[in-house]
Amino acid sequence: MEINDDFLDSGAKLLFSAFFIYRDASRFTKKDVDEFFISTMQKYDLSRSAWLFIISSIRYHLYSELRSVLFVIFSNLDSQIKKEMYKDKGHLMEIISYEFKKQRLFIKIPVLNRISEDYFNFIEHDIILSCDERYDRYNIIESYILDYMNYVNDLLLTVIYDFNNKRKRKRGAINNNVELKDKVFKIADLTVKKIPNLSNYRLAKAIQRHFSGNKKTVSYNTYLAWVKECRKEMGAEYESDDTYKKSFSLEGTEFFS
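In terms of this note's numbering, the sequence shown opens at residue 654 and continues consecutively.
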């Protein structure tokens, strides 16, 4: 069956808005989003163009809803601040922060500071930006869309891995490099013990870079498969989003290179 606009019905829109915009974990989780994509893959014949259609359609929905919510936020702020003419920056920040919380949007402190500064300039010098200018200036929409695209990237990597794994099983036994795999397992084991919430994607990428100069290196998908296999044997499987945001170094690389 070919994909069409019907795939993104009202229920699907509610799911993506709740998860990616309002972060409502009490209603929908990553598992719910994963299951939506899995059921869509099972229902439709997903070519490359179909994948792009799905990804861009959901992205446009998120973009449109964010613009609508931000329009309400800034309209309310414009009306309130023009009426009251607050001259205390701290109070301005409280008013702005409250309005975002009321609409269930997250706002970073640097962005909050910039919005407060713009309203302060309006009060002091009668300078105010249009809504369109503010959407681009504050990059609020882009930060939400980036979270969605990061999820999509991880999803596609998983799909590609599963596809390649099934294809290899059909061909026969996988010809693993036993020595390299053993090194990868040891590095992954030591690193995961230190950073248990490190995603499979980031760990596999780091291991791939570490062995990039090795004559016996393998593809990224193989490293990813080994990382998942290692974590499964450790009892430390981790399929969630990457909650470890800091830079990191692999453990044991001085012994296994």
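Glycine residues also receive a C-beta, built at the ideal position from the N, C-alpha and C atoms.
Of the residues the options, the one placed nearest residue i, counting alpha carbons only
i                 : options                           : result
serine 750        : Asp677, Asn729 and Val831         : Asn729
phenylalanine 901 : Lys885, Ile848, Ala889 and Gly888 : Ile848
isoleucine 776    : Thr844, Glu832, Tyr876 and Lys736 : Lys736
asparagine 912    : Lys899, Phe838, Val837 and Asn867 : Residue 912 is absent from the structure shown; the chain starts at 654 and stops at 910.
isoleucine 726    : Met738, Tyr788 and Lys834         : Tyr788
aspartate 687     : Asn766, Ile748, Ala665 and Arg701 : Ala665
leucine 723       : Asp741, Phe759 and Tyr876         : Phe759
leucine 810       : Lys740, Ala678, Leu705 and Tyr854 : Tyr854
aspartate 597     : Val880, Ala878, Lys740 and Phe753 : Outside the displayed span of the chain (654 to 910) sits residue 597, for which this structure offers no information.
leucine 807       : Val764, Lys761, Leu877 and Met738 : Here residue 807 is aspartate; the residue named in the question, leucine, does not match the sequence. Nearest of Val764, Lys761, Leu877 and Met738 to aspartate 807, Cα basis: Leu877.
leucine 765       : Ile748, Lys683, Lys684 and Cys784 : Ile748
arginine 757      : Ala678, Leu705 and Ile781         : Ala678
serine 663        : Lys755, Trp704 and Leu715         : Leu715
tyrosine 797      : Val845, Cys784 and Lys761         : Lys761
serine 769        : Asp785, Cys784, Glu890 and Gly743 : Gly743
alanine 703       : Ser732, Phe660, Asp685 and Arg680 : Phe660
First through last residue of the alpha helix (DSSP H) which encompasses residue i
i              : result
leucine 856    : 853–863
asparagine 729 : 701–737
valine 871     : Premise fails: valine 871 is in no alpha helix (DSSP H) and is neither H nor E.
glutamate 904  : No alpha helix (DSSP H) holds glutamate 904; DSSP gives it neither H nor E.
glutamate 688  : 683–696
glycine 664    : 663–669
proline 763    : 762–778
isoleucine 840 : 831–847
tyrosine 891   : Run containing tyrosine 891: none; DSSP gives neither H nor E here.
serine 750     : 742–755
tyrosine 788   : 784–791
Close Cβ partners of residue i (< 8 Å) along its chain, the five nearest in sequence each way excluded
i              : result
isoleucine 840 : Ile860, His863, Leu903, Glu904, Gly905, Thr906 and Phe909
leucine 833    : Phe864, Asn867, Lys869, Thr870 and Val871
tyrosine 873   : Ala857, Lys858 and Gln861
threonine 682  : Phe672
7 Å CB neighbourhood of residue i in its chain, flanking five on each side removed
i              : result
leucine 667    : none
glutamate 718  : Ser670 and Ile674
lysine 823     : Because lysine 823 sits at a pLDDT of 49, beneath the cut-off of 50, its placement in the model cannot be relied upon, and the following sentence gives the value as read from the coordinates. Excluding positions up to five away in sequence, the list is empty.
aspartate 928  : Given that the chain is displayed from residue 654 to residue 910, the structure contains no residue 928 and the question cannot be resolved.
methionine 738 : Ile776
glutamate 752  : Ile726, Asn729 and Leu730
Neighbourhood of residue i by C-beta, 6 Å cutoff - its chain only, sequence neighbours within 5 removed
i             : result
tyrosine 772  : Ile734 and Leu745
glutamate 890 : Arg884
Whole-Å CB distance - residue i paired with residue j, under 8 Å assumed
i              : j              : result
isoleucine 656 : isoleucine 707 : 7 Å
tyrosine 720   : isoleucine 794 : In the sequence as presented, tyrosine is not what sits at residue 720; that position holds arginine. Contact holds; Cβ gap of about 7 Å.
Neighbour flag for residue i against chain D, beta carbons, 7 Å
i           : result
alanine 857 : The structure shown has no chain D; it contains just one protein chain.
Residue i Cβ short of 6 Å to the ligand ADP heavy atom set
i          : result
serine 902 : In terms of ligand content, the structure shown is empty, and the ligand ADP therefore cannot be addressed.
Inset, instruction - For the segment 683–699 and the segment 782–801, state whether three or more C-beta atom pairs, one from each stretch, are separated by less than 8 Å. - result: no
Inset, instruction - Count the C-beta pairs between the segment 709–727 and the segment 797–810 that are closer than 8 Å, then say yes if the count reaches three, no if not. - result: yes
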